[in-house]
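Chemist:
Numbering (the working numbering), first residue to last: 175 to 758.
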């Protein structure tokens with residue numbers, strides 16, 4: 175049932191399918207000469223088509239299977255009950271290298287009770303790769319039944335069954351010197367790619383990092399358990415456990431030592447926390463990382479923050495037009511303080527750098543002091559806090575003021591000394607940006623007062639408090655209409671007249687969102703402007719309720735109401751907004 179046709183036969187069959195699709199979709203254009211060259215030079219024709227032609231993978235694969243008289247399985251499901259047997263018969267290096275996913279196996283029993291495989295069903299996506307099929311047949315001592323499936327499903331199934339780095343894990347175990355406590359690594363080159371064929375701890379760690387970047391992870395957590403090593407990625411703010419090879423605990427020390435070595439940490443020091451950085455390069459693009467180790471009773475756990483060298487612009491914040499107008503007015507002011515508030519991980523730094531990008535030009539000198547410097551802003555002078563040499567936010571801010579800046583960004587206002595210097599900077603003609611850890615925008619006023627800043631100084635220097643949270647964005651490919659009771663909508667404060675505009679996450683998801691129902695995140699904001707009336711209330715020591723009432727008169731919109739607008743436009747769900755904001 176498998177086609178072992180010539181190059182010409184494979185090319186002609188696929189070209190015919192693409193031509194038919196082009197007749198139905200006139201916008202579809204394909205460079206057949208480039209496709210012919212790719213296949214003639216030994217490349218995968220199917221990979222080239224899927225990467226370069228805007229066709230539905232399922233539609234293309236189903237039609238190809240019908241042309242070749244092959245079974246088409248759109249959703250290949252591995253028999254979890256026999257997963258150990260499948261992995262024993264179809265070894266990880268064979269399955270992953272040749273992109274063959276074992277689905278199920280029929281077992282027979284000999285007279286002496288020994289169990290043996292009668293037939294194994296395997297899924298693949300490239301029916302023209304005859305060399306791969308021949309090598310798989312030789313490696314698996316069992317009759318095979320081949321089915322055709324989507325590439326994404328095959329590759330995803332392989333990672334789930336064998337885990338990240340499964341193709342090299344057996345070789346790693348075989349090559350390890352079990353009598354030695356020393357670990358030898360290749361020369362330090364932090365270029366993350368898939369070209370290294372050698373089974374090594376270097377390649378295994380590279381695969382963990384590479385897969386995290388593919389899944390758009392912001393953090394990697396590597397945590398020793400009593401009898402396992404758990405790897406988790408934080409994607410869209412939610413931790414996801416990553417499949418890893420069985421017995422990975424055998425290489426736990428080597429993996430942790432490798433990461434510490436890459437981060438420039440002391441691999442012999444396992445008793446106290448350490449911090450470091452790794453400069454990576456993936457596909458020619460620089461990726462900066464921040465590494466933190468924490469000693470636990472089961473061993474050292476490692477957290478890796480992935481920091482892409484991002485391009486910042488205010489459009490990426492996707493603010494509604496009215497909020498954007500208010501922010502633009504504040505950014506056009508020559509002096510004052512703008513404070514962004516919220517908990518750790520809510521996107522405060524991203525918003526600040528997007529604001530600075532608006533002001534970043536040849537006429538403006540921007541100086542920042544941060545702990546640590548995570549993002550780079552071309553053209554700005556960026557200073558990292560170093561407490562060991564008494565370079566704190568306060569001392570650094572004093573030095574910055576002597577450097578004739580126009581705009582200053584302080585990573586965080588943590589104490590009265592820093593707050594007072596920031597206030598003085600604003601009052602002497604500088605535009606100052608910083609962050610505070612408060613639950614909402616109005617709470618920033620109370621926080622500064624509690625620090626010891628005089629109310630009249632707050633009123634005179636601060637231009638606005640901006641609070642924000644991040645909510646997961648619905649996958650536009652698979653979102654479904656939402657259905658909620660009127661009682662629930664009333665309890666959370668959602669406008670009932672817009673109940674028919676609500677969407678929910680699809681519980682099964684789709685390939686585009688890795689079957690989570692969500693893809694990416696978006697921010698919900700509230701902007702509290704310090705107007706003349708608000709200044710008077712601050713100086714008089716008015717309560718938070720009085721400040722909020724005046725804010726409403728001045729056009730203040732709280733985060734939850736801003737979030738409802740995101741829900742109504744189909745960007746997120748009611749649950750996401752409720753879990754991230756407070757009902758005012």
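Beta carbons are placed, not taken as given, at the ideal position from N, Cα and C, and that holds for glycine.
Let's see if you can read the secondary structure: which residues bound the alpha helix (DSSP H) around residue 700?
Modeler: From DSSP, residue 700 is part of no alpha helix (DSSP H) but of the beta strand (DSSP E) over 692 to 703.
Chemist: In three-state DSSP terms, what is residue 751?
Modeler: Residue 751 falls in the helix class under three-state DSSP.
Chemist: In terms of residue numbering, what span does the alpha helix (DSSP H) encompassing residue 664 cover?
Modeler: Element bounds for residue 664: 660 to 666.
Chemist: Tell me which residues share the same chain as residue 508 and place their Cβ nearer than 8 Å to its Cβ, disregarding the 5 neighbours each side in the sequence.
Modeler: If we look at residue 508 and ignore the five residues flanking it on each side, its Cβ neighbours are 603 and 605.
Chemist: DSSP on residue 651, reduced to helix/strand/coil?
Modeler: Looking at residue 651 - three-state DSSP - the assignment turns out to be coil, as it is neither helix nor strand.
Chemist: From residue 388 to residue 416, what does the alpha carbon distance come to, in whole angstroms?
Modeler: So the two alpha carbons sit approximately 13 Å from each other.
Chemist: Per DSSP, which one or two residues make a beta bridge with residue 677?
Modeler: The partner list for residue 677 (beta bridge, DSSP) reads 655.
Chemist: Does residue 587 come out as helix, strand or coil in the three-state DSSP assignment?
Modeler: Residue state, collapsed to three classes: coil.
Chemist: What is the rounded straight-line gap between the Cα of residue 529 and the Cα of residue 516?
Modeler: Using only the alpha carbons, I get a separation of about 16 Å.
Chemist: Let me know if residue 695 comes out buried or exposed under the rule of 16 or more other beta-carbons within 10 Å of its beta-carbon.
Modeler: Classification of residue 695: buried, given that the 10 Å Cβ count is 16 or more.
Chemist: Go ahead and label residue 356 buried or exposed: buried means 16 or more other beta carbons lie within 10 angstroms of its beta carbon, across all protein chains shown.
Modeler: Because the pLDDT at residue 356 is just 37, under 50, the model does not fix this residue reliably, and the point stays unresolved.
Chemist: Got a sec: is the Cβ-Cβ distance from residue 540 to anything in chain D below 8 Å?
Modeler: Of the chains in the structure shown, none is chain D; there is only one protein chain.
Chemist: If we ignore side chains and look at the alpha-carbon of each, how far apart do residue 414 and residue 487 end up?
Modeler: So the two alpha carbons sit approximately 29 Å from each other.
Chemist: Output the distance between the C-alpha atoms of residue 742 and residue 582, rounded to the nearest integer angstrom.
Modeler: For residue 742 and residue 582, the distance between alpha carbons rounds to 37 Å.
Chemist: Using DSSP's beta-bridge definition, name the partner residues of residue 710.
Modeler: Note: residue 710 sits in no beta bridge, so no partner.
Chemist: Just the Cα atoms here: how many angstroms apart are residue 321 and residue 440?
Modeler: Cα to Cα, the separation comes out at about 50 Å.
Chemist: Taking the alpha-carbon positions, what's the residue 597 to residue 510 distance?
Modeler: The straight-line gap from Cα to Cα measures roughly 8 Å.
Chemist: Could you pull out every residue in the same chain whose Cβ sits closer than 6 Å to the Cβ of residue 403, ignoring the five residues on either side in sequence?
Modeler: Taken in chain order, the residues that qualify are 422, 423 and 426.
Chemist: Secondary structure at residue 293, three-state DSSP: helix, strand or coil?
Modeler: Three-state result, residue 293: strand.
Chemist: Taking Cβ to Cβ, would you say residue 249 is nearer than 8 Å to residue 260?
Modeler: No, these two residues do not count as a Cβ contact at 8 Å.
Chemist: Identify whether residue 336 lies in helix, strand or coil by the three-state DSSP scheme.
Modeler: Reduced to three states, the DSSP call for residue 336 is helix.
Chemist: Could you check whether residue 478 and residue 614 sit closer than 8 Å to each other, using their CB atoms as the reference points?
Modeler: No, these two residues do not count as a Cβ contact at 8 Å.
Chemist: Could you give the distance in angstroms between the alpha-carbon of residue 657 and the alpha-carbon of residue 492?
Modeler: Approximately 27 Å between the Cα atoms of the pair.
Chemist: Under 6 Å Cβ to Cβ from residue 590, same chain only, skipping five residues before and after it: list those, please.
Modeler: Contacts found: 625 and 626.
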